[in-house]
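Colleague: Numbering (this note's numbering), first residue to last: 449 to 506. Glycine is no exception: its CB is placed at the ideal position from the N, C-alpha and C atoms. Quick one: this structure, given as C-alpha coordinates, is what I'll be asking you about.
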Amino acid sequence: MQYNQVKTRQQIAIEYGISPRTLRRWLKQNNIILPCRLLCPKEQSIIYKTFGYPGLTL
449 MQYNQVKTRQ QIAIEYGISP RTLRRWLKQN NIILPCRLLC PKEQSIIYKT
499 FGYPGLTL
(Lines of atoms letter the chains of each structure in order from A; the text may use other names.)
(Lines give C-alpha, C1' and ligand atoms only; values in the text may rest on other atoms or scores of the structure.)
Protein backbone atom coordinates (compact mmCIF):
# COMPACT_ATOMS: atom_id res chain seq x y z
CA MET A 449 0.00 0.00 0.00
CA GLN A 450 1.49 3.32 -1.01
CA TYR A 451 0.93 6.51 0.95
CA ASN A 452 2.89 8.87 -1.32
CA GLN A 453 0.64 9.22 -4.35
CA VAL A 454 -2.67 10.91 -5.07
CA LYS A 455 -5.74 8.72 -4.59
CA THR A 456 -9.46 8.90 -5.18
CA ARG A 457 -11.95 8.62 -2.37
CA GLN A 458 -13.00 5.29 -3.88
CA GLN A 459 -9.45 3.95 -3.57
CA ILE A 460 -9.31 4.95 0.09
CA ALA A 461 -12.74 3.42 0.75
CA ILE A 462 -11.55 0.15 -0.81
CA GLU A 463 -8.51 0.17 1.50
CA TYR A 464 -10.89 0.33 4.49
CA GLY A 465 -13.27 -2.24 3.00
CA ILE A 466 -16.17 0.22 2.90
CA SER A 467 -18.16 1.99 0.23
CA PRO A 468 -17.32 5.52 -0.91
CA ARG A 469 -20.67 6.60 0.53
CA THR A 470 -19.67 5.28 3.97
CA LEU A 471 -16.34 7.10 3.73
CA ARG A 472 -18.20 10.30 2.87
CA ARG A 473 -20.42 9.79 5.93
CA TRP A 474 -17.39 9.14 8.20
CA LEU A 475 -15.73 12.33 6.94
CA LYS A 476 -18.90 14.36 7.51
CA GLN A 477 -19.41 12.96 11.03
CA ASN A 478 -15.85 13.98 11.91
CA ASN A 479 -16.15 17.44 10.30
CA ILE A 480 -13.41 16.65 7.79
CA ILE A 481 -13.89 18.80 4.70
CA LEU A 482 -11.73 17.90 1.72
CA PRO A 483 -11.71 19.42 -1.78
CA CYS A 484 -13.61 17.69 -4.58
CA ARG A 485 -10.60 16.29 -6.40
CA LEU A 486 -7.91 13.65 -6.01
CA LEU A 487 -6.54 13.47 -2.48
CA CYS A 488 -2.88 14.34 -2.06
CA PRO A 489 -0.75 12.55 0.57
CA LYS A 490 -1.32 15.37 3.09
CA GLU A 491 -5.10 14.98 2.82
CA GLN A 492 -4.80 11.19 2.96
CA SER A 493 -2.79 11.59 6.15
CA ILE A 494 -5.72 13.43 7.77
CA ILE A 495 -7.99 10.48 6.97
CA TYR A 496 -5.49 7.86 8.13
CA LYS A 497 -4.75 9.69 11.40
CA THR A 498 -8.46 10.05 12.13
CA PHE A 499 -9.59 6.52 11.30
CA GLY A 500 -6.35 4.57 11.63
CA TYR A 501 -4.22 3.15 8.87
CA PRO A 502 -6.12 0.56 6.80
CA GLY A 503 -5.04 -3.01 7.29
CA LEU A 504 -3.52 -2.43 10.72
CA THR A 505 -5.03 -4.27 13.65
CA LEU A 506 -4.20 -3.56 17.24
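Whole angstroms are fine: how far does the CA of ARG473 sit from the CA of CYS488?
Modeller: 20 Å
Colleague: Check each candidate in GLY500, THR498, THR470, GLU491 and name the one with the smallest Cα separation from GLN453.
Modeller: GLU491
Colleague: Would DSSP call LEU504 helix, strand or coil?
Modeller: Under the three-state reduction of DSSP, LEU504 is assigned to coil, being neither helix nor strand.
Colleague: Taking the DSSP output, what are the residues bridged to LYS455?
Modeller: Bridge partners of LYS455: LEU487.
Colleague: What first and last residue would you give for the alpha helix (DSSP H) that runs through LEU475?
Modeller: Going by DSSP, LEU475 is part of the alpha helix (DSSP H) stretching over 468–477.
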